[in-house]
Each structure stands twice: as C-alpha cells, then as structure tokens.
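Report on one structure; see the data block that follows.
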Amino acid sequence: MPEPVWAAVELADVVIHTGDWVSVALLDELEARSRRLIGCWGNNDGPELRSRLPEVARVTLEGLSVAVVHETGTAKGREERCERAYPGVDVLVFGHSHIPWDTTSPGGLRLLNPGSPTDRRRQPYCTYQTATITAGRLEQVALHNL
Numbered sequence: 000m001p002e003p004v005w006a007a008v009e010l011a012d013v014v015i016h017t018g019d020w021v022s023v024a025l026l027d028e029l030e031a032r033s034r035r036l037i038g039c040w041g042n043n044d045g046p047e048l049r050s051r052l053p054e055v056a057r058v059t060l061e062g063l064s065v066a067v068v069h070e071t072g073t074a075k076g077r078e079e080r081c082e083r084a085y086p087g088v089d090v091l092v093f094g095h096s097h098i099p100w101d102t103t104s105p106g107g108l109r110l111l112n113p114g115s116p117t118d119r120r121r122q123p124y125c126t127y128q129t130a131t132i133t134a135g136r137l138e139q140v141a142l143h144n145l
C-alpha cells in the first residue's frame, strides 16, 4: 500500500475495504493498523480470506446504515439495481471495477467506489476515498489521487 494510504488508515476512525485483498497478510496488517476495519471478500480472494470476511458487510455508523460489497454489476442501471438489492441501506460502498464512483440513486442510496490505491487499471491515477459521517449524515466525501 502506498504510504499516503497508510497515513489515512492510521487517522481514520473506520476503514472500509471492498475486497480483492489477495493476501491474508494485507488483511492482518489493516486490522492491526486500523481502529476499526469493515470489509468484504472479492472475486480474487481465496478460501482463507472468504472464511474471515463476509460477502456483504453491514454496519451502522453514527446512525447511518452502510453496506460494503465487492461487485455490483455493470454501470448501466447500477443505482436502481442496488437500491432494490439493498433496501434500508443509506450508503453502499463497492469495489471490483477500480473505477471511482459517487452517485445517488433516485431513492437516496449513496453509492461509493474508492477506485484502487494499488491498481489503477484504465484510470489516470490510483485512488482512495475519505468521508465524514456526522449525526447520521454522510459529509465531505473526497477522492484522493495517488
């Protein structure tokens, strides 16, 4: 992981990882360096990681219902599809594509994809996101280029 990401991890109250850990060592290190870690497994994660992580992680943070999943399907129709798949969720954080994403569905579900700090794929930069939750509201969502 790039040093700016480790610095952000150590400052954060909560760290969210959307899967494709690839190594158990990364999970162990993030657990050790995070105050609180929430994560799910991805399609590149083997049995050992899948035994330690859920397919979908769900948590309530400061009154905000958050779900974390690796895969949400194609971009077309994503907001409506996820709204149906995750009723009652305020924020859905997802990964897989390595493409940063920040939209809101017609019903108010906020969808966030932080991109990737280690594999930019077709993107100009490796990225990660930060956000603040205050009194049940998601605020100050920022995408950081590496």
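The sequence shown: position 28 = 27 (numbering that gives the first Met the number 0), numbered continuously.
Every residue gets a Cβ at the ideal spot worked out from N, C-alpha and C, and that includes glycine.
Quick caveat, the model's predicted, so the values are computed rather than measured.
| Check | Outcome |
| --- | --- |
| Completely contained alpha helix (DSSP H) runs for the region 37 to 108, where each covers 4 or more residues | 46 to 51 and 77 to 84 |
| Residue burial classification, Ser50 (beta-carbon count within 10 angstroms, cutoff 16) | exposed |
| 7 Å CB neighbourhood of Val140 in its chain, flanking five on each side removed | Asp101, Leu111, Gln128 and Ala130 |
| Best match in Thr133, Ile37 and Thr117 for proximity to Pro3 [C-alpha to C-alpha] | Thr117 |
| Inter-stretch contact at 8 Å, needing at least 3 Cβ pairs: the region 40 to 54 / the region 73 to 91 | no |
| Check whether Val8 and Met0 have beta carbons under 9 Å apart | yes |
| Reference His176, options Cys39, Gly107, Val67 and Ile98, closest by Cα | The requested residue 176 is not part of the displayed model; the chain covers only 0 to 145. |
| 6 Å Cβ shell around Glu30 - same chain, five flanking residues per side excluded | Leu36 |
| C-alpha gap between Ile15 and Ala6, whole angstroms | 14 Å |
| Thr17, buried or exposed, once every other Cβ within 10 Å from all chains shown has been counted against 16 | buried |
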